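These protein sequence lines map, in sequence, to chains A and B.
Count the first sequence with this note's numbering and you get residues 1 to 201, in order.
Count the second sequence with this note's numbering and you get residues 1001 to 1201, in order.
Built from N, CA and C at the ideal position, the CB exists for glycine as well.
Computed from a predicted model, the values in this text were never measured in an experiment.
2 protein chains.
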Amino acid sequence: MRTVDPVKYEAKRRHITEAAAGCFAIKGFEKTTTADICAAAGISSGSLFHYFPNKGAVFRAIFELDGQDNAAYLATASAAEDVWEGLLGLVDELLNPLETPGAAGLVTELVAQAGRDEELFELVARNDIELRAGIAGLLGKAARQERIDGSIDSDTAATWVVGLVDAMYSRATIDPDFDPAAQRVTLRLILSRFLGHGLGR
Amino acid sequence: MRTVDPVKYEAKRRHITEAAAGCFAIKGFEKTTTADICAAAGISSGSLFHYFPNKGAVFRAIFELDGQDNAAYLATASAAEDVWEGLLGLVDELLNPLETPGAAGLVTELVAQAGRDEELFELVARNDIELRAGIAGLLGKAARQERIDGSIDSDTAATWVVGLVDAMYSRATIDPDFDPAAQRVTLRLILSRFLGHGLGR
DNA sequence: GTCTATAATAAGATAGAC
DNA sequence: GTCTATCTTATTATAGAC
């Protein structure tokens, strides 16, 4: 005879995190007050702290599902018939949030906060390591199939694949004229040339 | 008969901005209190606000000379006998701050804050635009000399040269194992292959 | 020009009624 | 589970003496 419906409980938590994400994207973590979050979610202060122990936990919750998302993208990429197409598809998935206004700013805020919140840092670092490991696996496979240059270290190459994705977020934050959708083409060109795809070997 | 020695005045301002930069790199802009800055600079609150109108102005002052620095690097790069070497030297200069601990975090904080402080945003945007324009100029020259692939749009290429530098800062912030000095080699490889340098055309 | 003291405000989190 | 009211603490910036 439990008093809480876990499904409703999770749904409410999700509702709060989504409302909070909008606030954090605009005002940043520190400048967003718990009152802002309450107003955006349509709840009271007492209610907010019933679902989360503190403001930092709300922020962390936004990114807690990212690891699972990435794992799913990696699985799809691995299952692709063509390794190279799988890799490009994965990169597209990683860039998808850029279609949402404010997402780039939220990621910037995440990186900045991760340097100060130990728990958040571990979340980010773990996701990052797993993502890079997965990409390194794909690259190793592509190299064995002679689809890309086999002389480049897989881990190093994976780091820079993620780095290029980072660059998109960084550019989108700094330069208002930067068009992520259009720049995907250039990103693919850089990837192809860097990794030696399509050299007809 | 002026009462202030402008040289001493500037020196003190510099002293304060440098002390403040250390605080901002560790705690971030919002979490750094004016009291922290005073303690680090060895001055009192009254003195701090004699030199700066508010905390934001202290933060902005840290980056106010960057535009001049970049212009100097661009001039050196343009004057280089070999355009390609000039470009690589410029990229090295842009990466130099990474040798200083905390610099990556400070840049992350800069980008995050630029999204909220209009004056700071204009400072960052102006520097960014001028840097990209300068690099585009170098790339155009290199293309005319047939040192690189001439089919890539100079402005787009310049955006990605800066993007790759951004990626170094981003990676350095997120991944504690990332070694910027070692990764310069890979960065140069990506640049060479992307821009078609050394194709012997 | 530098200090101490403080005004003015705001924020995160909790208590306890319903 | 949700609310209102509030406790407690911290912060930017200023006033005014030296």
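- Its chain contains Met-1168 as the residues whose beta carbon lies nearer than 7 Å to that of Gln-1183(B), once the 5 sequence neighbours on both sides are disregarded; these appear in chain order.
- For Lys-31(A), the chain B residues whose C-beta falls within less than 9 Å of its own C-beta are Glu-1030, Arg-1116, listed in chain order.
- Chain-ordered, the chain A residues with CB closer than 8 Å to the CB of Val-1124(B) read Ile-174.
- For the stretch 132-160 of chain A, the set of residues with a beta-carbon nearer than 7 Å to any beta-carbon of chain B comprises Thr-156, Thr-159, Trp-160, in chain order.
- Within the stretch 44-55 of chain A, no residue places its CB atom closer than 9 Å to a CB of chain B.
- The Cβ of Glu-93(A) sits no closer than 7 Å to any Cβ of chain B.
- Under the DSSP assignment, Glu-1130(B) falls in the alpha helix (DSSP H) whose first and last residues are 1118-1144.
- About 16 Å separates the CB atoms of Asp-175(A) and Asp-1066(B); that is not less than 8 Å, and the two are not in contact.
- At least one beta carbon of chain A lies nearer than 7 Å to the beta carbon of Ala-1167(B).
- Put simply, of Ala-1112(B), Asp-1117(B), Gly-1198(B) the residue whose alpha carbon is nearest the alpha carbon of Ala-1057(B) is Asp-1117(B).
- For Ala-1104(B), same chain residues with a beta-carbon under 7 Å away, outside a window of 5 residues either side, are Leu-1098, Tyr-1169, Ala-1172, Thr-1173 in chain order.
- Within chain B, the residues Thr-1108, Val-1111, Ala-1112, Gly-1115 have their CB atoms less than 8 Å from the CB of Thr-108(A), given in chain order.
- At a cut-off of 7 Å between C-beta atoms, Phe-1063(B) does not count as an interface residue with respect to chain A.
- In terms of Cβ geometry, Tyr-73(A) and Leu-90(A) form a close pair [threshold 7 Å].
- Spatial neighbours of Ala-114(A) in its own chain (CB-CB distance under 7 Å, excluding positions within 5 residues in sequence) are listed in chain order as Leu-120, Phe-121, Val-124.
- Look at the beta carbons and you see the stretch 128-138 of chain A touching the stretch 150-168 of chain A: at least three pairs across the two are nearer than 8 Å.
- A direct Cα-to-Cα measurement between Lys-1055(B) and Gly-150(A) gives close to 52 Å.
- Scanning Glu-1010(B), Val-1004(B), Glu-1085(B), Glu-1064(B) for the CA closest to the CA of Gly-1198(B) turns up Glu-1085(B).
- Under the three-state reduction of DSSP, Ile-1043(B) is assigned to coil, being neither helix nor strand.
- Taking 7 Å as the CB threshold, Gly-22(A) stays off the interface with chain B.
- Taking every protein chain shown into account, the CB of Ala-1025(B) has 16 or more other CB atoms within 10 angstroms, so this residue is buried.
- For Glu-10(A), the enclosing alpha helix (DSSP H) begins and ends at 6-27.
- By the neighbour-count criterion, in which 16 or more other beta carbons inside 10 Å mark a residue as buried, Gly-1028(B) falls on the buried side.
- Shown here for Gly-1140(B): same chain residues with a beta carbon closer than 7 Å to its own, the five before and five after excluded, namely Ser-1154 in chain order.
- Counting only Cβ-Cβ distances below 7 Å, Leu-1164(B) has contacts in chain A at Ala-167, in chain order.
- Under the DSSP assignment, Leu-187(A) falls in the alpha helix (DSSP H) whose first and last residues are 180-195.
- Distance check between His-15(A) and each of Ile-37(A), Ile-148(A), Thr-32(A), Glu-109(A) places Ile-37(A) closest, using alpha-carbon atoms only.
- At a beta-carbon threshold of 7 Å, none of the residues of chain A lie near Asp-1036(B); the nearest stands roughly 14 Å away.
- In the three-state reduction of the DSSP assignment, Pro-1176(B) falls in the coil class.
- The beta-carbon separation of Ala-1021(B) and Thr-108(A), rounded to 19 Å, does not stay under the 8 Å limit for a contact.
- Leu-1187(B) is the residue among Leu-1187(B), Ile-1152(B), Asp-1177(B) whose C-alpha sits nearest the C-alpha of Asp-1166(B).
- Glu-1093(B) and Ala-1019(B) have their C-alpha atoms roughly 23 Å apart.
- Among the CB atoms of chain A, one or more fall inside 7 Å of the CB of Phe-1194(B).
- Annotation for Asn-96(A): no alpha helix (DSSP H) segment contains it, and DSSP assigns it neither H nor E.
- Around Ile-148(A), the same chain offers Ala-142, Leu-195, Gly-196, His-197 as residues with beta carbons nearer than 6 Å, after the five sequence neighbours per side are excluded.
- Taking C-beta separations shorter than 8 Å and ignoring five residues to either side along the sequence, the partners of Leu-48(A) in its chain run Ile-16, Thr-34, Ile-37, Cys-38, Ala-41, Val-58, following chain order.
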